[in-house]
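What follows is one structure encoded as structure tokens, with my remarks underneath.
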Amino acid sequence: MSKTAEKTATDQTLTDPRAARLAKLKAVRDAGGNPYAYTYGRTHEAGALQAKYAELASGTETEDEVSVAGRIMAMRNNGMFIDLHDASGKIQVFCHKDSMNADELAKLDTLDIGDIIGAKGKIRRTPRGELSVRVSHVQLLTKCLLPLPEKYHGLTDIEQRYRQRYVDLIVNEESRDTLRKRSLITTAMREYLTKTWGGIEVETPMLHPILGGATAKPFVTHHNTLDTDFFMRVAPELYLKRLVVGGLADCVFEINRCFRNEGISPKHNPEFTSAELYKAYTDVSDMMDLTEGLVQHIAQTVFGALEFKYGDRTINVGGKWPRKSMCGLVMDATGIDFMTIFDAAEARAIAKKLGVHVEPTAKWGEVVAAVFEEKVEDTLIQPTHVTDFPLDISPLAKVHRDNPRLTERTETYVNGWEIANMFTELNDPADQYARFEEQVKAREAGNEEAQMLDADYVTALEYGLPPCGGWGLGVDRLTMILTGSPNIRDVICFPTLKPLKD
Numbered sequence: 000m001s002k003t004a005e006k007t008a009t010d011q012t013l014t015d016p017r018a019a020r021l022a023k024l025k026a027v028r029d030a031g032g033n034p035y036a037y038t039y040g041r042t043h044e045a046g047a048l049q050a051k052y053a054e055l056a057s058g059t060e061t062e063d064e065v066s067v068a069g070r071i072m073a074m075r076n077n078g079m080f081i082d083l084h085d086a087s088g089k090i091q092v093f094c095h096k097d098s099m100n101a102d103e104l105a106k107l108d109t110l111d112i113g114d115i116i117g118a119k120g121k122i123r124r125t126p127r128g129e130l131s132v133r134v135s136h137v138q139l140l141t142k143c144l145l146p147l148p149e150k151y152h153g154l155t156d157i158e159q160r161y162r163q164r165y166v167d168l169i170v171n172e173e174s175r176d177t178l179r180k181r182s183l184i185t186t187a188m189r190e191y192l193t194k195t196w197g198g199i200e201v202e203t204p205m206l207h208p209i210l211g212g213a214t215a216k217p218f219v220t221h222h223n224t225l226d227t228d229f230f231m232r233v234a235p236e237l238y239l240k241r242l243v244v245g246g247l248a249d250c251v252f253e254i255n256r257c258f259r260n261e262g263i264s265p266k267h268n269p270e271f272t273s274a275e276l277y278k279a280y281t282d283v284s285d286m287m288d289l290t291e292g293l294v295q296h297i298a299q300t301v302f303g304a305l306e307f308k309y310g311d312r313t314i315n316v317g318g319k320w321p322r323k324s325m326c327g328l329v330m331d332a333t334g335i336d337f338m339t340i341f342d343a344a345e346a347r348a349i350a351k352k353l354g355v356h357v358e359p360t361a362k363w364g365e366v367v368a369a370v371f372e373e374k375v376e377d378t379l380i381q382p383t384h385v386t387d388f389p390l391d392i393s394p395l396a397k398v399h400r401d402n403p404r405l406t407e408r409t410e411t412y413v414n415g416w417e418i419a420n421m422f423t424e425l426n427d428p429a430d431q432y433a434r435f436e437e438q439v440k441a442r443e444a445g446n447e448e449a450q451m452l453d454a455d456y457v458t459a460l461e462y463g464l465p466p467c468g469g470w471g472l473g474v475d476r477l478t479m480i481l482t483g484s485p486n487i488r489d490v491i492c493f494p495t496l497k498p499l500k501d
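For the sequence shown, numbering that gives the first Met the number 0 gives the first residue as 0, with consecutive numbering after it.
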């Protein structure tokens, strides 16, 4: 900021909190100080000091000199007591004339809540039991020019919390804890997929010349040099399976972003994180085992528990999870056994009687899926593997070995939400080509979410994809469940929002 701008702001009425802070900023500079330091020699984090001196008795003074740094979150008695927060926790800074000279004491007048400071002094525990640093030297490291939201209420405007996540994180311990837990979740996930499943982590393209890997509406962008349109990937599946074909490893996985140009809801964000894994010589049953083992590993490693509260629900992720067929669950809910129905028109008529909307041209499998989504999905609170998906809605899954109308595809549901999708992968190139042709017909008929014909992927299959299990999991939704977060935006650092108008 220029000195002219500082002066203009300082000349405003000091009832403006920013103007008052700018005046203090100017005072620091006029005194030869730098309100935006280059570095600071911190010796300890607050949390480390709390742990090291946990047994220090109340009223005890020590000669142990430390340097701490963090953000001022509270000031009492004209700056005598300062609550200093860093990423590890809180420690009190005690500023008194007995340990600070006049120049050091004068610095306190330039400080505000929100400023980032460094403080050097000796460790003590107050008679009231508060671990403190009795300060001899204090240094302003970064001046905060805008006042923080009131401590006990934070940002009450939910939309503003997401737009100004940096402010939300400063004042909201729950937000910090949730996003830190997310980091621990992905760390535990990588550990399990590499150590237990022998996977190697890879990175595949975000820009796809052909839409594929999932049924979804994409974002489209343009590469100027190549003069070519690309799709932001909706899934990495086809590239990951190419790596298995090539023998890079028997097991490959990727934890990364996907993009779908679809609706926004408490459990949908256009930009989201998925984990996908493909392992040779496994099938969908193995992938169900993977899902259970992974979630249980994360639950125990990060939370030390297998039972979680989500609103008024208690969800237990321990033990073996039930495996139930889609048609079986639909029959339990509606009394209709769709496996005895072979005509798509009859299936559509039954759906209409059940009050479920389907398209006039919906295939048998599409009808079954629609009825499942309407009548069953929300009831699957405890972890459940929904097996035996119809062929009509599973273009990349292998035909069921016992029933050609179905595929070896499973989705896992928790809290009424799909969290994972897994297949015995289709590795017959002729069958895959025919499935792609069906998708092309659907796309030509107006289905923007249908996949395109990826001839190169079919060529890869002609070189030979070994028997292979494939698996994908929504990292955001799993994090929501394990942290009890009501909105997907709570577990994403910077969720997608409509820009504000100037």
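Ideal placement from N, C-alpha and C gives every residue a C-beta, glycine not left out. As the structure is a prediction and not an experimental result, all values here were calculated from the model.
Roughly how far, in whole angstroms, is the beta-carbon of residue i from the beta-carbon of residue j, given that I think they are within contact range, below 8 Å?
i	j	result
P148	Y280	That belief does not hold up - the Cβ atoms of P148 and Y280 are roughly 55 Å apart, past 8 Å.
A118	L140	Their Cβ separation, rounded to whole angstroms, is 10 Å, which puts A118 and L140 out of contact at 8 Å.
W320	H384	6 Å
K180	T482	5 Å
E103	V137	6 Å
R527	D111	With the chain running from 0 to 501 in the structure shown, residue 527 is simply not present.
E236	G212	4 Å
V134	M99	6 Å
P428	L460	4 Å
R400	E407	7 Å
Rounded to whole angstroms, what's the CA-CA distance from residue i to residue j? Just pull it up for me.
i	j	result
K397	K308	37 Å
M286	C467	10 Å
L452	L225	21 Å
L289	L425	19 Å
R312	T495	28 Å
K194	R476	24 Å
K351	I254	40 Å
R232	L206	6 Å
L353	F435	32 Å
R17	D455	59 Å
E373	H43	55 Å
Q431	I199	26 Å
I480	I81	37 Å
Y165	C492	9 Å
In or out: residue i buried (at least 16 other Cβ within 10 Å) or exposed?
i	result
H222	exposed
G364	buried
K96	exposed
G113	buried
H356	exposed
A4	With a pLDDT of only 37 at A4, under the threshold of 50, the placement of this residue in the model should not be trusted; the figure read from the coordinates follows. Its Cβ having fewer than 16 others within 10 Å, A4 is exposed.
N76	exposed
T109	buried
G334	exposed
K497	exposed
T227	exposed
G120	buried
V413	buried
V219	exposed
K500	exposed
A382	One point to set straight first is that residue 382 is Pro, not Ala, in the sequence displayed. Buried: at least 16 other Cβ atoms inside 10 Å.
Could you tell me the boundaries of the alpha helix (DSSP H) in which residue i lies?
i	result
F371	363-374
F337	No alpha helix (DSSP H) holds F337; DSSP gives it neither H nor E.
E417	Where E417 is concerned, there is no enclosing alpha helix (DSSP H), although the beta strand (DSSP E) it sits in stretches over 416-423.
M72	Taken as a continuous stretch (DSSP letters only), M72 belongs to no alpha helix (DSSP H), being part of the beta strand (DSSP E) at 60-75.
S182	172-190
Y432	428-443
Tell me whether residue i counts as near the ligand COA, meaning its Cβ is closer than 7 Å to at least one heavy atom of that ligand.
i	result
E62	The ligand COA is absent from the structure shown, which contains no ligands of any kind.
Span of the beta strand (DSSP E) holding residue i?
i	result
K51	Looking at the DSSP string, K51 is not in any beta strand (DSSP E); the run it does join, the alpha helix (DSSP H), is 45-51.
K119	115-124
V355	Segment: none, V355 is in no beta strand (DSSP E) and carries neither H nor E.
M231	227-231
Q138	130-141
G473	467-473
Y448	This sequence places Glu at residue 448; Tyr is not what is there. Unbroken run through E448: none, as it is neither H nor E.
Do the CB positions of residue i and residue j come within less than 8 Å of each other?
i	j	result
A187	V370	no
R175	L168	yes
S273	V474	yes
V201	L242	yes
A234	C250	no
L405	F388	yes
A47	I116	no
S57	R127	yes
A45	K89	yes
V329	F341	no
G415	E376	yes
T177	V490	yes
L247	W196	no
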